[in-house]
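Novice: Residue numbers (this note's numbering), protein chains in the order written: chain U, -19 to 353; chain E, 4 to 264.
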């Protein structure tokens, strides 16, 4: 008897795929349940929820940088600038006219901007679009540069954005910044947008355009000779990255509750770069894991800043002492794990099972060996 | 009418004239070879045709589909030239290193993709069909060069001869009218060279393609090329059929040196 022919999804279903799908569904269900209960205040207190929000937001920012630096092979350091655009646009659109009136006590705000008030999701979307527009304008002069020159130019532009915001008193309230942003961002927002960004980038990298990005990273000359317009594709990647960074900036504004230009110094770009390098250039799962590890560790290592005893002598309290840990970690990774923690690969259930199974199998072998003797 | 016609191409690097007054043309279905000693300016000429270098003077014309006049492509960006139908391989292999064999070919198919980025992202029906056609075409090309079983392997894990063949498959994936091969047989053993000769010869017949190639292996050049240009220090010292070029005293002088009296 002829075997039944499957089509569509069923045709591509092998036992391994079936298992992976089941595991993925289980993991997603677990995360959803966890988020649900966490939101009710059962498992986590407000402090932990805030840290998780930050973790997810940094994952979003890391992914936006990875799209340009990891997948397209451009060395861009402009992330802080796009975040600033995102954060300010979200806040200006989202705050109520009364709140804005109270904040702008040095000089009144532009009446048009003061009157405007949008729901949070729309503010965030507009923030992403304005950020993408900024990336488009910056990309025009910058993306003709290569390597280190691009890094310097994008860094410069992100500082220009910050200085502009400091001086646009009637739009951004200058150096005073904006305060009292309602904390609407909860775990659903941060994890939801993170999930969307992950799916977006994973899918993108499987399309023809994603392959073109990776081709540019591997060999610009060959890519151009195969008909890939370097400028057009670099611009696509840069603008998408700007959009995502804008979303991240908007989320941060609501999580932190207040923004001012000093928050968006170029140091912030390095923080995100550290996540990308530690997680692995060109690895989505690596970036997410690194974002969670680093953001959580930054909180957990706060005790280092308060001074501690090393047995014989006492290390005095130095603000920022914990950053030394990350510097050392970064150096170790660059020396021994060039490809980052993920090794440049993506997460797969098979790899995890193999990894977890390794010690067990070793024990089994030892047992067998023991029996023989 | 020719597919490609170059008029008096000149390229200078500082004080050195790398290519001086080179005017090759390629007719439909022809295999044309460019030979010459090292440093004769052969690859420079390729780079001018494909837009990597802008010639100091001279013009490059490419046939246009369904039109009598030829299109001036002098100094056009390499990706535009590729889109118009000139594909090339590289003297020192330039595959996309972090990609599989199949992906290398798919990347070259990208130039013919009509769907936009967002259409691709959401797998819009038009893109879905394009992607499927692209994969079928890529697999067919891999089969042609005998790499269908290696489709999932990393491009750099292939042995040298296969990497060269993959480069040709990749170039063909852009659907060119004219294929430029830069030393396709470099580093190949005699068996591989023979296979390559046959492959290029068949290609012309089956894909309605013109080929312009740089090659040092005289056997290939003499076996399959319809015409030959001989360059020496950037100048064209001879051109014509294989037999005519072989008998030309200037060519013998350039290759073997002149006997001291």
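Each residue gets a CB set at the ideal place from its N, CA and C atoms; glycine is no exception.
Bear in mind the structure is a predicted one, so any value in this text is a computation, not a measurement.
Does any C-beta atom of chain U lie closer than 8 Å to the C-beta of residue 165 of chain E?
Specialist: The residue labelled residue 165 of chain E in the question sits at position 162 within the second chain. Chain U contact via Cβ: absent.
Novice: Going along chain C, which residues have a C-beta under 9 Å from residue 180 of chain U?
Specialist: Among the protein chains in the structure shown, which are U and E, there is no chain C.
Novice: Report yes if the CB atom of residue 88 of chain E is closer than 8 Å to the CB atom of residue 179 of chain E, and no otherwise.
Specialist: Reading the second chain from its first residue, position 85 is the one you call residue 88 of chain E. Reading the second chain from its first residue, position 176 is the one you call residue 179 of chain E. Yes. Within cutoff.
Novice: Kindly indicate which three-state DSSP category residue 275 of chain U falls into: helix, strand or coil?
Specialist: What you label residue 275 of chain U is simply residue 295 of the first chain in a count that begins at 1. Three-state result, residue 275 of chain U: helix.
Novice: For residue 174 of chain U, return the contacting residues in chain E, with the cut-off set at a CB-CB distance below 7 Å.
Specialist: For the purposes of this step, residue 174 of chain U is identified with residue 194 of the first chain, where counting begins at 1. Ordered by position in chain E, no residue passes the 7 Å Cβ test against residue 174 of chain U, which lies about 18 Å from the chain.
Novice: Please decide whether residue 109 of chain E counts as near chain U, where near means a Cβ-Cβ distance under 8 Å.
Specialist: By 1-based counting over the second chain, the position of residue 109 of chain E is 106. With 8 Å as the cut-off, residue 109 of chain E counts as an interface residue toward chain U.
Novice: Identify, in the order they occur along the chain, each residue of the same chain with its Cβ nearer than 6 Å to the Cβ of residue 272 of chain U, setting aside the five sequence neighbours on each side.
Specialist: To locate residue 272 of chain U, count along the first chain from 1; it is residue 292. So the qualifying residues of the chain are 35.
Novice: Report yes if the CB atom of residue 12 of chain E is closer than 8 Å to the CB atom of residue 26 of chain E, and no otherwise.
Specialist: The count along the second chain starts at 1 and reaches residue 12 of chain E at position 9. The count along the second chain starts at 1 and reaches residue 26 of chain E at position 23. Yes; because the gap between Cβ atoms is below 8 Å, this pair is in contact.
Novice: Can you give me, in chain order, the residues of the region 28 to 57 of chain E that have a beta carbon less than 9 Å from any beta carbon in chain U?
Specialist: 53, 54 and 55
Novice: Along chain U, in chain order, which residues have C-beta atoms closer than 8 Å to that of residue 193 of chain E?
Specialist: For the purposes of this step, residue 193 of chain E is taken as residue 190 along the second chain, with counting starting at 1. Residues of chain U passing the Cβ test: none, with the nearest at roughly 28 Å.
Novice: Compile a chain-ordered list of the residues in the region -6 to 11 of chain U whose CB is closer than 9 Å to at least one CB of chain E.
Specialist: none
Novice: Where residue 160 of chain E and residue 65 of chain E are concerned, what is the direct C-alpha to C-alpha distance, given to the nearest angstrom?
Specialist: Within the second chain, the letter at position 157 stands for residue 160 of chain E. Within the second chain, the letter at position 62 stands for residue 65 of chain E. Distance between the alpha carbons of residue 160 of chain E and residue 65 of chain E is about 36 Å.
Novice: If you measure from the beta carbon of residue 352 of chain U to each beta carbon in chain E, is any gap under 8 Å?
Specialist: Indexing the first chain from 1 puts residue 352 of chain U at position 372. Residue placement at residue 352 of chain U is flagged as unreliable, the pLDDT there being 49, under the threshold of 50; a coordinate-derived value is accordingly withheld.
Novice: List the residues of chain U that residue 91 of chain E touches, going by C-beta distances under 7 Å, in chain order.
Specialist: The residue labelled residue 91 of chain E in the question sits at position 88 within the second chain. Result: 205.
Novice: From residue 195 of chain U to residue 244 of chain U, what does the alpha carbon distance come to, in whole angstroms?
Specialist: Taking the first residue of the first chain as position 1, residue 195 of chain U is located at position 215. Taking the first residue of the first chain as position 1, residue 244 of chain U is located at position 264. Rounded to the nearest whole angstrom, the C-alpha separation of residue 195 of chain U and residue 244 of chain U is 32 Å.
Novice: Would you identify the three-state DSSP class for residue 85 of chain U, choosing helix, strand or coil?
Specialist: Walking along the first chain from the start, residue 85 of chain U turns up at place 105. If DSSP states are grouped into helix, strand and coil, residue 85 of chain U belongs with coil.
Novice: Going straight from the alpha carbon of residue -19 of chain U to that of residue -5 of chain U, what length do you get?
Specialist: Here residue -19 of chain U is taken as the residue at index 1 of the first chain, counted from 1. Here residue -5 of chain U is taken as the residue at index 15 of the first chain, counted from 1. Here the model assigns residue -19 of chain U a pLDDT of 47, short of 50, so the residue's position is not dependable, and the following value carries that caveat. Residue -19 of chain U and residue -5 of chain U: Cα-Cα distance of roughly 23 Å.
Novice: Where in the region 60 to 112 of chain E do unbroken runs of the beta strand (DSSP E), each at least 3 residues long, occur, reported from the N-terminal end onward?
Specialist: Within the region 60 to 112 of chain E, the runs of beta strand (DSSP E) at least 3 residues long that lie entirely inside it are, in chain order, 60 to 66, 73 to 75 and 89 to 91.
Novice: What does DSSP give as the partner residue(s) for residue 231 of chain E in the beta ladder?
Specialist: Residue 231 of chain E sits at position 228 when you count from the first residue of the second chain. For residue 231 of chain E, which the question treats as bridged, DSSP gives the partners E/36 and E/243.
Novice: Starting from residue 13 of chain E and walking both ways along the beta strand (DSSP E), at which residues does that stretch end?
Specialist: Position 10 of the second chain, counted from the start, is the residue given in the question as residue 13 of chain E. Its beta strand (DSSP E) spans residues 7 to 16.
Novice: Restricting to Cα atoms, I'd like to know which of E/119, E/138 and E/40 is closest to residue 155 of chain E.
Specialist: As a position in the second chain, residue 155 of chain E is number 152, starting the count at 1. Here the closest residue by C-alpha is E/138.
Novice: Under the rule that 16 or more other beta-carbon atoms within 10 Å means buried, what is residue 218 of chain U, buried or exposed?
Specialist: Here residue 218 of chain U refers to the residue found at position 238 when the first chain is read from its first residue. Classification of residue 218 of chain U: buried, given that the 10 Å Cβ count is 16 or more.
Novice: Quick one: which chain E residues come within Cβ less than 7 Å of residue 106 of chain U?
Specialist: Within the first chain, residue 106 of chain U is the residue found at index 126, counting from 1. The contacting residues do not exist; residue 106 of chain U stays about 18 Å from chain E at best.
Novice: Pull up the DSSP beta-bridge partners for residue 288 of chain U, would you.
Specialist: As a first step, residue 288 of chain U is located in the first chain; it is residue number 308 there, counting from the start. Per DSSP, U/295.
Novice: Could you name the residues of chain E that residue 187 of chain U contacts, counting a contact when the two beta carbons are closer than 7 Å?
Specialist: The residue labelled residue 187 of chain U in the question sits at position 207 within the first chain. Simply 123 and 124.
Novice: Using a threshold of 8 Å, state whether the C-beta atoms of residue 266 of chain U and residue 320 of chain U are closer than that.
Specialist: To locate residue 266 of chain U, count along the first chain from 1; it is residue 286. To locate residue 320 of chain U, count along the first chain from 1; it is residue 340. Against a cut-off of 8 Å, the Cβ pair of residue 320 of chain U and residue 266 of chain U comes out as a contact.
Novice: Skipping 5 residues on each side, what residues in its chain have a beta carbon closer than 7 Å to that of residue 181 of chain U?
Specialist: Against the first chain, residue 181 of chain U aligns to sequence position 201. Answer for residue 181 of chain U: 43, 47 and 264, listed in chain order.
Novice: Residue -19 of chain U by DSSP, collapsed to three states: which one?
Specialist: Here residue -19 of chain U is taken as the residue at index 1 of the first chain, counted from 1. Confidence at residue -19 of chain U is low in this model, with a pLDDT of 47, below 50, so the placement of that residue should be treated as unreliable; the coordinate-derived value is given next. It is coil, neither helix nor strand.
Novice: Quick one: what's got a C-beta closer than 6 Å to residue 204 of chain U's C-beta in the same chain, skipping five residues either side?
Specialist: Taking the first residue of the first chain as position 1, residue 204 of chain U is located at position 224. Excluding positions up to five away in sequence, the list reads 210.
Novice: Give the interface partners of residue 173 of chain E over in chain U, defined as CB-CB distance under 8 Å, in chain order.
Specialist: Here the question's residue 173 of chain E lines up with position 170 in the second chain. Within chain U, the residues near residue 173 of chain E are 206.
Novice: Along the region 92 to 107 of chain E, where does the CB come closer than 8 Å to a CB of chain U? Name the residues.
Specialist: 93, 97, 98, 99, 100, 101, 102 and 106
Novice: Hey, residue 131 of chain U and residue 57 of chain U: beta-carbon distance below 8 Å or not?
Specialist: In the first chain, residue 131 of chain U corresponds to position 151, counting from 1. In the first chain, residue 57 of chain U corresponds to position 77, counting from 1. For residue 131 of chain U and residue 57 of chain U, yes; Cβs fall inside 8 Å.
Novice: Any C-beta of chain E sitting closer than 8 Å to the C-beta of residue 48 of chain U?
Specialist: Sequence index remark: in the first chain, residue 48 of chain U carries index 68 (1-based). No, no contact with chain E.
Novice: DSSP on residue 199 of chain U, reduced to helix/strand/coil?
Specialist: Numbered from 1 along the first chain, position 219 holds the residue referred to as residue 199 of chain U. Note: residue 199 of chain U maps to coil in three-state DSSP.
Novice: Leaving out five residues before and five after residue 168 of chain E in sequence, what residues of the same chain have Cβ atoms less than 6 Å from its Cβ?
Specialist: Counted from its first residue, the second chain places residue 168 of chain E at position 165. 148, listed in sequence order.
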